[in-house]
Structures are given as structure tokens and as C-alpha cells.
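J.:
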Amino acid sequence: ERLHVGTANCLTGPPNRASLSCFYKAKAKGNGSLRSVKVVHKSHVIYPRLWQHQLSDMYHMDHPNLVRLHDVYEDDHHIFLIFDYLAGPSLLEKSIGDMQFCERDAAAAFKATLQALVYLHEQSIAHLNLHPENLRYAVQPKRKGASTGSAYNDQLKLFDFGLSIEIMYLSYDLQAAEVPEGQHLPVLPFVGSQASSGERCIAPEFRDSD
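Numbering (the UniProt record's numbering), first residue to last: 1 to 210.
1) Could you name the residues of the same chain whose beta carbon sits closer than 7 angstroms to that of T113, not counting the 5 residues immediately before and after it, in chain order?
2) Anyone know if the C-beta pair for Y137 and L120 falls short of 7 angstroms?
3) From N129 to S95, what does the alpha carbon distance come to, in whole angstroms?
4) Do the segment 100–110 and the segment 60–80 meet, that is, are 3 or more Cβ pairs less than 8 angstroms apart?
5) Please report the distance separating the alpha-carbon of Q52 from that of I46.
6) Quick one: what does DSSP say Q100 is sitting in, helix, strand or coil?
7) Per DSSP, what are the beta-bridge partners of H78 in this structure?
8) Based on the DSSP secondary-structure assignment, which residues constitute the bridge partners of L136?
9) Can you tell me which of the three DSSP states Y24 falls into?
10) Starting from P48, trace the alpha helix (DSSP H) in both directions and tell me its first and last residue.
11) Determine the contact status of I82 and D75, defining contact as a CB-CB distance below 7 angstroms.
12) Which term fits Q100, buried or exposed, when burial requires 16 or more other beta carbons within 10 angstroms of its beta carbon?
13) Using the Cβ count rule (16 or more neighbours within 10 Å means buried), how would you classify D160?
14) Tell me the rounded alpha-carbon separation between L92 and H131.
15) For V40 versus I79, is the C-beta distance shorter than 7 angstroms?
16) For G97 and A87, what's the separation of their Cα atoms in angstroms?
Printed below as a string of C-alpha cells:
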């Protein structure tokens, strides 16, 4: 889709070798629908093979609690990822900035998060960067402090798959030529060795003293 990107809406400034990425608010020239454009500097794509698999996985994901990747473009220095535009606050902003964020809202957010994770895990995808700032509501509440119903809570979406990886690729041996000197695969410390080797990871039973 053809997009008009508003440069004034960039949150962090244009990406370069020092900054990993930035986001722009964009509008489709055809139907006027809003999109979020994540711009990644190519110098930060250390493992092209894993990056290509990640983008392919993201493009085919379709779940109401996951932000949708619509398209990918690139130029000589940048990669442009076209996502759904999420107009609402992050889960962190909602929970600490709204006195009406009650236990029911917390339970609904927890349910939405688990539904997204179950879908990802069914696709053998580990997100690896799960925290309240990476969960955002698609729409703004009608007014601050207003009671938010189930329809609003259903719009909570998990995004930022910058560290996500397909479990099956964790056991692959990277060729020496793929790993620049002084670099390492950043996601491995976040996943247990059982997951990367294909074994089941089962927590020990709780003892009476625990």
C-alpha cells in the first residue's frame, strides 16, 4: 500500500548506526487508514537468515491480540515494517496512570496476553521480550478514568517482535562468517536449554515448605 509518512510524528528521530529503530505514524494514500511504520537501520541486522525467517513468521501471524505486519519495504540503508497503528496507551501507561484500572481489567489484560502467547507458541515462536510496554491498546478509552469494558480490553495487542525467534532455529549452528567478531546471538540467554534442544521444560513440584 502507498503511504504518506508524517516525519513530524517520529518518536525518536531517524534511525542510524547508534539507534536500533524508530516509529512513524503513517496514512494510506488510498483509503486513509492509519499505519505504524517501524524503521530499522540495516547495520543492526546481524543475522540476515534469522531476520528473514522472523519477518516471514510475523507476516503470516493472524490473531486479535497480536499487532499485524502488513508489508515490508527497504532501501539501501533501512528496512520499513508496516504495522497496525495502535492509538491507545501501553499496558504500563494504563495500569499506573488510570485509577480505574481494577482487578477485572488486570485479569482481562492477563487473559489477552496469554491468548497471544498461546498462539505464538503453537507456531513455535518465542517472543523473548515480553513486558507491559510491549502490550498496547488499539484504541483510546472514551475518557480518562472511565470504566473500560470487555470490548476495550479485547483490543490489547502484543507487539515488538524484535527479539522473537522460531524455537527450531535456536539449535542451529551459525557459520563463523555469519557472526561478526565480538558479537553473539542476543536471544539465547532468554530461552532455557530445554527449549533450544527440543526437550520439554517442566517446573519441579512445589514442596510444602515453598
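We put the beta carbon where it would ideally sit given N, CA and C, even for glycine.
T.: Reading from the atomic positions:
1) Cβ within range, chain order: L135 and L158.
2) no
3) 19 angstroms
4) no
5) If you take the alpha carbons of Q52 and I46, they lie about 11 angstroms apart.
6) Here Q100 sits in coil by DSSP.
7) In the DSSP assignment, H78 is bridged to H41.
8) Before going further, note that residue 136 is Arg rather than Leu in the sequence given. Beta bridge pairing from DSSP links R136 with S90 and K157.
9) strand
10) Counting along the chain, the alpha helix (DSSP H) containing P48 begins and ends at P48 to H60.
11) no
12) exposed
13) buried
14) So the alpha carbons of these two residues sit roughly 9 angstroms apart.
15) yes
16) Roughly 16 angstroms separates the two Cα atoms.
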